[in-house]
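Trainee: What follows is a single structure, and I will ask about it in a moment.
In my numbering, the protein residues as written are 8 to 456.
So, in structure tokens, the structure goes:
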């Protein structure tokens, strides 16, 4: 019996893998990227917002549920509580142990994940179309009837703590986290959504139960579905989610106004052999009209082997083991991060080189050829990231939650392609003026060049 069950699980898992691989290949080779789809949006009587993209390009259905409550709403003492609470949704329900729930999901070749970020909490389900009805019933049970078994909480807590420890041992990940703490000083974003080794051990089942009651509410949920589904059927399914007896208390509406970070620089000495530095700026929110130009500016500055940082600091300057930049969107204030790994004696020159290239964006117009290359890079990279139903469902959910609309996916390429050299210089002047810098170096003094 067990062997037959395992073989069935493998066949279903292989089937999903083949479907995904085949879809990815076709989407990469074909133009347009996918068949025409229809998107419907509505708010149900229980307060839940539902966005459904009916697409028949494959047999996979993705359901991404995002909740407005986020790790950014926590107090210092609660840091990591929302993420732990959401992750525990996959660790059993009132009627199913963690192993029973895992077997139920895996036996259908499906996947289920949950967690919390600075801006939202989420539960994500991916399954075959033929299994959707059963999996939606299971999703409702997972969201509203979590088990919060103390032993499972301990296991999940240890998993998170181990991930935090691994990050401590990764120089780039470590310096990036320290950079964010300095960049967002005084803002909810300065806290790590995963929590800390100080806060996580304090959480017990009553803490998680209370936070779950605040977060997992139909009137705080936005569900995005992508797949070969009927919108009316989805409305009936999610309309059965329980309507809260009273309106949300408003805890999630904390004031996140933030004028921006002060210009700071900090050096941390650790047991490392090379230096790694992170420097960057607070920028426009995801919904701000400036954000697409910030995104293109990042591509010009440090994304790819034709970017300015790569060419000047690595190829020609020989200063970097690795170098790059990233524009990371947030609902409130986004950020631009530039990073470089180099020999300890080269940190000053590397930092000067990064800021020189930033200053160029402020002082000079980008030529049309470089601008076109950057715009195409941004759109191409985005299209590649949208090749699964789950990615599209998640992107659309976050766009709706951010106030950009359910059609932003269709408009985004044109918005990026419309960014001009004037736009890039404008955002560079507006946002790239007060750098926050964190450097990690070996304990020993810098060697002379």
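Glycine included, C-beta positions come from ideal geometry on N, C-alpha and C.
Using 9 Å as the threshold, is the C-beta distance between residue 167 and residue 207 below it?
Mentor: yes
Trainee: Would the beta-carbon of residue 462 fall within 9 Å of that of residue 190?
Mentor: This structure does not reach residue 462, given that the chain is present from 8 up to 456, and the question cannot be answered.
Trainee: Looking at the secondary structure, which residues open and close the alpha helix (DSSP H) in which residue 246 lies?
Mentor: Bounds of the alpha helix (DSSP H) holding residue 246 are 238–246.
Trainee: Out of 344, 94 and 93, point me to the one whose CA is closest to residue 285's CA.
Mentor: 344
Trainee: For a quick check, are the C-beta atoms of residue 108 and residue 145 less than 9 Å apart?
Mentor: Taking 9 Å as the Cβ cut-off, residue 108 and residue 145 qualify as a contacting pair.
Trainee: Taking the alpha-carbon positions, what's the residue 427 to residue 378 distance?
Mentor: Going by the C-alpha atoms only, they are around 8 Å apart.
Trainee: When you compare only the Cα positions, how much space is there between residue 188 and residue 272?
Mentor: 12 Å
Trainee: In its own chain, which residues sit with a C-beta less than 6 Å from the C-beta of residue 202, not counting the 5 before and 5 after it?
Mentor: 86 and 87
Trainee: For residue 52 and residue 250, what's the separation of their Cα atoms in angstroms?
Mentor: Those two C-alpha atoms are separated by around 8 Å.
Trainee: Do you know offhand how far residue 136's Cα is from residue 397's?
Mentor: Cα to Cα, residue 136 sits roughly 13 Å from residue 397.
Trainee: From this set, 311, 382 and 437, which residue's C-alpha is nearest residue 302's C-alpha?
Mentor: 382
Trainee: Considering only residues of the same chain and omitting the five flanking positions on each side of residue 333, which have a CB-CB separation below 7 Å?
Mentor: 305 and 344
Trainee: Rounded C-beta distance between residue 212 and residue 160? I'm assuming under 8 Å.
Mentor: Contact between residue 212 and residue 160 holds, with the beta-carbon distance rounding to 7 Å and staying under 8 Å.
Trainee: Determine the burial state of residue 177: buried for a count of at least 16 other Cβ atoms within 10 Å of its Cβ, exposed for fewer.
Mentor: exposed
Trainee: So, does the region 235–251 touch the region 405–417, judging by three or more C-beta pairs under 8 Å?
Mentor: no
Trainee: By DSSP, does residue 94 sit in helix, in strand, or in coil?
Mentor: helix
Trainee: What residues match up with residue 305 in a beta bridge as DSSP calls it?
Mentor: In DSSP, residue 305 forms no bridge with anything.
Trainee: Would you list the residues sitting across from residue 45 in a DSSP beta bridge?
Mentor: 61
Trainee: Have a look at residue 357 and residue 444 and give me their C-alpha separation to the nearest angstrom.
Mentor: Near 12 Å, if we compare the C-alpha coordinates of residue 444 and residue 357.
Trainee: For residue 48, collect the residues of the same chain with a Cβ closer than 6 Å to its Cβ; drop the 5 residues on either side in sequence, then sort them by chain order.
Mentor: 58 and 413
Trainee: Return the chain-ordered list of same chain residues with a C-beta closer than 8 Å to the C-beta of residue 260, the five sequence neighbours on each side being excluded.
Mentor: For residue 260, the predicted model reports a pLDDT of 44, less than 50, meaning its position is unreliable; a value from the coordinates is still stated below. The beta carbon of residue 260 sits closer than 8 Å to none of the beta carbons in its chain outside the five residues before and after it.
Trainee: Between the alpha carbons of residue 162 and residue 228, how many angstroms are there, rounded?
Mentor: 28 Å
Trainee: Could you tell me the alpha carbon to alpha carbon distance between residue 364 and residue 375, rounded to whole angstroms?
Mentor: 17 Å
Trainee: Report yes if the C-beta of residue 449 is less than 8 Å from at least one heavy atom of the ligand SAH; otherwise report no.
Mentor: You won't find the ligand SAH in this model; it holds no ligand whatsoever.
Trainee: Taking the alpha helix (DSSP H) that residue 342 belongs to, which residues open and close that run?
Mentor: Residue 342 -> not in any alpha helix (DSSP H); beta strand (DSSP E) instead, spanning 341–349.
Trainee: From the DSSP output, in three-state form, read off residue 366 for me.
Mentor: helix
Trainee: Of the residues 147, 55, 335 and 194, which one's Cα is nearest the Cα of residue 293?
Mentor: 335
Trainee: Specify the secondary structure class of residue 448 as computed by DSSP and reduced to three states.
Mentor: strand
Trainee: Please specify which runs of the beta strand (DSSP E), each continuous and at least 3 residues long, are wholly inside the region 94–178, giving them in chain order.
Mentor: Taking 3 residues as the shortest admissible run, the region 94–178 contains the following complete beta strand (DSSP E) segments, listed from N- to C-terminal end: 118–123 and 128–135.
Trainee: Could you check how far apart the C-beta atoms of residue 360 and residue 320 are, in whole angstroms? I think they sit under 8 Å.
Mentor: Confirmed, Cβ separation roughly 5 Å.
Trainee: If you follow the beta strand (DSSP E) that residue 72 is in, where does it begin and where does it stop?
Mentor: 67–74
Trainee: To which residues does DSSP link residue 331 through a beta bridge?
Mentor: 346
Trainee: Can you tell me the Cβ-Cβ gap for residue 149 and residue 67, rounded? I've got them flagged as a contact below 8 Å.
Mentor: Taking C-beta atoms under 8 Å as the contact rule, residue 149 and residue 67 fail to qualify, at a distance of about 19 Å.
Trainee: Excluding the 5 residues flanking residue 174 on each side, which residues of the same chain have their C-beta closer than 8 Å to its C-beta?
Mentor: 180, 181 and 184
Trainee: Residue 432: buried (16+ other C-beta within 10 angstroms of its C-beta) or exposed?
Mentor: buried
Trainee: Could you tell me the alpha carbon to alpha carbon distance between residue 246 and residue 56, rounded to whole angstroms?
Mentor: 10 Å
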